[in-house]
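Peer 1: Counted the way our numbering counts, the sequence shown spans residues 179 to 629. By construction, the Cβ of each residue, glycine as well, lies at the ideal position given by its N, Cα and C atoms. This one's a predicted model, so the numbers in the text were calculated from it and none came from an experiment.
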Amino acid sequence: MTVRRLALLMALIAGGPSLGAVVKAGELSTVPAIPLYASVPFLLLLVAIAVVPFINRRWWERNYQWVSFGLGAIVILYYLIGLGNSTRPLRTLGEYVSFISLIGSLFIATGGIHVRLRGKSTPLANTLYLGAGALAANVLGTTGASMLFIRPYLRVNRYRLRPFHVVFFIFLVSNIGGALTPIGDPPLFMGYLKGVPFFWVIGKMWVIWLFSLVALLAIFFLIDLRSFSQIREESREKAEKEGERAKIGGIHNFIFIGVIIAAVFVQELPFIREGIMWGAALGSYYTTRRELHAKNEFNFIPMKEVAILFAGIFATMIPALDWLELNSASIGITHPGGFYWGSGMLSAFLDNTPTYLNFLTAAFGLFRLDVDNPHDMVLFLSQHWKFIQAISVGAVFFGAMTYIGNGPNFMVKSIADQAGAKSVSFFGYMVKYSIPILLPLFFLVWLVFFR
179 MTVRRLALLM ALIAGGPSLG AVVKAGELST VPAIPLYASV PFLLLLVAIA
229 VVPFINRRWW ERNYQWVSFG LGAIVILYYL IGLGNSTRPL RTLGEYVSFI
279 SLIGSLFIAT GGIHVRLRGK STPLANTLYL GAGALAANVL GTTGASMLFI
329 RPYLRVNRYR LRPFHVVFFI FLVSNIGGAL TPIGDPPLFM GYLKGVPFFW
379 VIGKMWVIWL FSLVALLAIF FLIDLRSFSQ IREESREKAE KEGERAKIGG
429 IHNFIFIGVI IAAVFVQELP FIREGIMWGA ALGSYYTTRR ELHAKNEFNF
479 IPMKEVAILF AGIFATMIPA LDWLELNSAS IGITHPGGFY WGSGMLSAFL
529 DNTPTYLNFL TAAFGLFRLD VDNPHDMVLF LSQHWKFIQA ISVGAVFFGA
579 MTYIGNGPNF MVKSIADQAG AKSVSFFGYM VKYSIPILLP LFFLVWLVFF
629 R
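#1: Please go through the region 528 to 598 and give each complete alpha helix (DSSP H) segment of 4 or more residues, from N-terminal end onward.
#2: Please tell me whether residue 290 and residue 471 are closer than 8 Å, where the distance is taken between their beta carbons.
#3: Could you name the residues that DSSP lists as bridge partners for residue 292?
#4: Please state the DSSP three-state secondary structure of residue 360.
#5: Can you confirm whether the region 555 to 567 touches the region 535 to 542 when touching is taken to mean that 3 or more C-beta pairs between the two stretches lie within less than 8 Å?
#6: Here's a check: name, in chain order, each residue in its chain whose Cβ is nearer than 6 Å to the Cβ of residue 325, leaving out the five neighbours to either side.
#7: Return the CA-CA distance between residue 272 and residue 311, expressed in angstroms with no decimal places.
#8: Which residue marks the beginning of the alpha helix (DSSP H) containing residue 452, and which one marks its end?
#9: Decide yes or no for the touch test of the region 250 to 262 against the region 511 to 518: beta carbon pairs closer than 8 Å, at least 3 of them.
#10: Could you have a look at residue 269 and say whether DSSP puts it in helix, strand or coil?
#11: Put residue 473 into one of helix, strand or coil per three-state DSSP.
#12: So within the region 244 to 269, which uninterrupted alpha helix (DSSP H) runs reach at least 4 residues, ignoring any that extend past its ends?
#13: Applying the 10 Å Cβ sphere with the 16-neighbour rule, what's the burial state of residue 570?
#14: State yes or no: is the C-beta of residue 426 within less than 8 Å of the C-beta of residue 458?
#15: Give the list of continuous alpha helix (DSSP H) stretches no shorter than 4 residues that lie fully inside the region 326 to 355.
#16: Assuming contact is defined by CB atoms lying nearer than 8 Å, are residue 492 and residue 529 in contact in what I supplied?
#17: With distances taken Cα to Cα, identify the nearest neighbour of residue 582 among 526, 611, 606.
#18: With 16 as the cutoff for other CB atoms within 10 Å, does residue 215 come out buried or exposed?
#19: Identify, in the order they occur along the chain, each residue of the same chain with its Cβ nearer than 8 Å to the Cβ of residue 313, setting aside the five sequence neighbours on each side.
#20: Quick one: using the 10 Å Cβ neighbour count with 16 as the cut-off for buried, is residue 617 buried or exposed?
#21: Helix, strand or coil for residue 512? Go by DSSP, reduced to three states.
#22: Between residue 340 and the rest of its own chain, which residues show a CB-CB distance below 7 Å, the 5 nearest in sequence each way excluded?
#23: Should residue 430 go down as buried or exposed, given a rule of 16 or more other Cβ atoms within 10 Å for buried?
#24: Among the residues of its own chain, which have a CB less than 6 Å from the CB of residue 597, if the five just before and after it don't count?
#25: Which residue's Cα is closest to the Cα of residue 383: 250, 366, 394?
#26: From residue 480 to residue 306, what distance separates their C-alpha atoms?
#27: In angstroms, rounded to a whole number, what distance separates the CA positions of residue 207 and residue 468?
#28: Secondary structure at residue 236, three-state DSSP: helix, strand or coil?
#29: Should residue 487 and residue 278 be called a contact, given that it needs their Cβ atoms to be closer than 8 Å?
#30: On a Cα-Cα basis, can you pick out the residue from 442, 342, 304 that is closest to residue 360?
#31: So for residue 217, helix, strand or coil by DSSP?
#32: From what residue to what residue does the alpha helix (DSSP H) around residue 480 run?
#33: Run the CB neighbour count on residue 387, radius 10 Å, all protein chains shown included, and call it buried at 16 or more, exposed below.
#34: Whole angstroms is fine: what's the gap from residue 588's alpha carbon to residue 484's?
#35: Are the beta-carbon atoms of residue 409 and residue 338 separated by less than 8 Å?
#36: Count the other CB atoms, across all protein chains shown, that sit within 10 Å of the CB of residue 237; report buried if there are 16 or more and exposed otherwise.
Here is the structure:
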């Protein structure tokens, strides 16, 4: 990817210039022209999430909802009144309802499962636990696995919990772990709905997944080993020796989780899928004994925070995504490596599902193919599958770059904060962890698989 193309792609974050309608696949695009200032609310929300808690955490905790809703309302009113376009906000509302329904229902159902591990938090035990969580993400989804594994992980590490424990959990369980199946992460599921075969994903992703997973687990083990050697002897003895019989309570909630995951595949009628998810969530909540919720320290504060902040994110990112849809073909990226970096960098800050779809559409357009044509999908998979592989890896992996890159990230942070873990700030997460650890790994992935 040339510097000029990279600069053009990153201009999305700063807001694109005013553009006219473009012709796509022989038809006039319905996406309106987007001026430079339309992306400003999105930028302001990102800055607020990153900076304000660091400056005045107490003010942010009292007022973040007004910041999120206020900036989101500016964009919605701009589309409704300034552009006279109600279709786009309504479509985004539907996407948000689907997103929050999946996140919320899995949060409630997993909140009723109390997992008690044998109380060891040695570096090896933690590494194996994170590996198990990464595997589970492909069956439960990154959201389900994150909500199920995070609480026992925090409890077992209570004597020596450090910020990196939470960060690597987000890296491995909330993001990269779910790259093997369409259930694992929403972008891959959207590819499945477009015609990418279910088992094609694991066939084309497992080598990259294993390479990245082993590398991150090895890095985590070394960091945790160093941290373990520095704690007080008393805490080390507790981490090594204290044991309690392993036990799982609320096991019936796995049935409700299964219903929620199965509902993901319901596509025929609008909001039937979401209704099934919330029905399963209510069933889980009211059939779970209160003592299990108490043991999990379960409450709705993390869900409230995610719902409010992502409402603003979904609303304010509309102009940014529209800019991408208008310009994806003109960015000039023609190689899978470019699609890997492009879909990845934008997935770190925007919702990775529409980013995946836009880059997939652009890749098909390079060869004058239609992503919605089953025959074209078969042809693309046989001759140009490397593009889908690159877009899939970029969309899933780079979601770990920021707290807002993927829905479970912020939820895990909120649960960890409530449990007493001192999570790093938005910028601290990037500067201390994702940039120095993930970016070199992602560069190696590009070098080995997509250069």
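Peer 2: Based on what the coordinates show:
#1: For the alpha helix (DSSP H) assignment, the uninterrupted runs of no fewer than 4 residues enclosed by the region 528 to 598 are, from N- to C-terminal side, 530 to 544, 552 to 561, 563 to 575, 585 to 596.
#2: Position 112 of the sequence shown holds residue 290. Position 293 of the sequence shown holds residue 471. In this structure, residue 471 lies closer than 8 Å to residue 290 by Cβ.
#3: Locating residue 292 in the sequence shown gives position 114, counting from the first residue. The partner list for residue 292 (beta bridge, DSSP) reads 427.
#4: Counting from one through the sequence shown, the residue named residue 360 turns up at place 182. Per DSSP, reduced to three states, the secondary structure at residue 360 is coil, with no helix or strand assignment.
#5: Judged by Cβ distances under 8 Å, the region 535 to 542 makes contact with the region 555 to 567, as three or more pairs qualify.
#6: Reading the sequence shown from its first residue, position 147 is the one you call residue 325. Excluding the 5 residues flanking it on each side, residue 325 has same chain C-beta neighbours closer than 6 Å at 284, 285, 288, in chain order.
#7: Taking the first residue of the sequence shown as 1, we reach residue 272 at position 94. Taking the first residue of the sequence shown as 1, we reach residue 311 at position 133. Straight across, the Cα-Cα distance linking residue 272 with residue 311 is about 30 Å.
#8: If you number the sequence shown from 1, residue 452 lands on position 274. It spans 450 to 465 - the alpha helix (DSSP H) in which residue 452 sits, taken as one unbroken run.
#9: As far as the Cβ criterion goes, the region 250 to 262 does not touch the region 511 to 518, which means the pair count is below three.
#10: Translated into positions along the sequence shown, residue 269 becomes position 91. Reduced to three states, the DSSP call for residue 269 is helix.
#11: Position 295 of the sequence shown holds residue 473. It is helical.
#12: Those alpha helix (DSSP H) runs which fall completely within the region 244 to 269 and span 4+ residues do not exist here.
#13: The residue you call residue 570 lines up with position 392 of the sequence shown. When all chains shown are included, residue 570 counts as buried.
#14: What you label residue 426 is simply residue 248 of the sequence shown in a count that begins at 1. What you label residue 458 is simply residue 280 of the sequence shown in a count that begins at 1. Remark: C-beta atoms of residue 426 and residue 458 do not approach each other more closely than 8 Å.
#15: DSSP runs (the alpha helix (DSSP H)) wholly in the region 326 to 355: 341 to 350.
#16: For the purposes of this step, residue 492 is identified with residue 314 of the sequence shown, where counting begins at 1. For the purposes of this step, residue 529 is identified with residue 351 of the sequence shown, where counting begins at 1. Yes, the Cβ-Cβ distance between residue 492 and residue 529 is below 8 Å.
#17: Position 404 of the sequence shown, counting from 1, holds the residue named residue 582. Taking only the C-alpha atoms, the option nearest residue 582 is 526.
#18: Position 37 of the sequence shown, counting from 1, holds the residue named residue 215. Around the Cβ of residue 215, a 10 Å sphere holds fewer than 16 other Cβ atoms; the residue is exposed.
#19: Within the sequence shown, residue 313 is the residue found at index 135, counting from 1. Closer than 8 Å at the Cβ level, and outside the excluded window around residue 313, lie 355.
#20: One-based indexing of the sequence shown puts residue 617 at position 439. Residue burial annotation: residue 617 is exposed, with fewer than 16 other C-beta atoms found within 10 angstroms of its C-beta.
#21: As a first step, residue 512 is located in the sequence shown; it is residue number 334 there, counting from the start. Residue 512: coil per DSSP, three-state reduction.
#22: In the sequence shown, counting from the first residue as 1, residue 340 sits at position 162. The beta carbon of residue 340 is closer than 7 Å to those of 405 in its chain, skipping five residues each way along the sequence.
#23: In the sequence shown, residue 430 corresponds to position 252, counting from 1. Residue 430 counts as exposed, since fewer than 16 other C-beta atoms from the protein chains shown sit within 10 angstroms of its C-beta.
#24: For this step, residue 597 is matched to residue 419 along the sequence shown. Excluding positions up to five away in sequence, the list reads 332.
#25: Walking along the sequence shown from the start, residue 383 turns up at place 205. Cα-wise, what sits closest to residue 383 is 366.
#26: Here the question's residue 480 lines up with position 302 in the sequence shown. Here the question's residue 306 lines up with position 128 in the sequence shown. For residue 480 and residue 306, the distance between alpha carbons rounds to 26 Å.
#27: The count along the sequence shown starts at 1 and reaches residue 207 at position 29. The count along the sequence shown starts at 1 and reaches residue 468 at position 290. Because the pLDDT at residue 207 is just 46, under 50, the model does not fix this residue reliably, and the value given afterwards should be weighed accordingly. Roughly 53 Å between the two C-alpha positions.
#28: On the sequence shown, position 58 is the one that residue 236 refers to. Looking at residue 236 - three-state DSSP - the assignment turns out to be helix.
#29: Working through the sequence shown from its first residue, we reach residue 487 at position 309. Working through the sequence shown from its first residue, we reach residue 278 at position 100. Not closer than 8 Å, so no.
#30: Along the sequence shown, read from residue 1 onward, the residue named residue 360 stands at position 182. The candidate whose alpha carbon is nearest that of residue 360 is 442.
#31: Along the sequence shown, one-based indexing puts residue 217 at 39. The DSSP-derived three-state label of residue 217 is helix.
#32: Translated into positions along the sequence shown, residue 480 becomes position 302. Residue 480 -> alpha helix (DSSP H) spans 479 to 494.
#33: Walking along the sequence shown from the start, residue 387 turns up at place 209. By the beta-carbon neighbour count (other beta carbons within 10 angstroms, threshold 16), residue 387 is buried.
#34: Translated into positions along the sequence shown, residue 588 becomes position 410. Translated into positions along the sequence shown, residue 484 becomes position 306. Whole-angstrom Cα-Cα distance: 7 Å.
#35: Taking the sequence shown and counting its residues from 1, the one referred to as residue 409 is at position 231. Taking the sequence shown and counting its residues from 1, the one referred to as residue 338 is at position 160. The Cβ atoms of residue 409 and residue 338 sit closer than 8 Å to each other.
#36: Taking the first residue of the sequence shown as 1, we reach residue 237 at position 59. Exposed, because fewer than 16 other Cβ atoms sit within 10 Å of the Cβ of residue 237.
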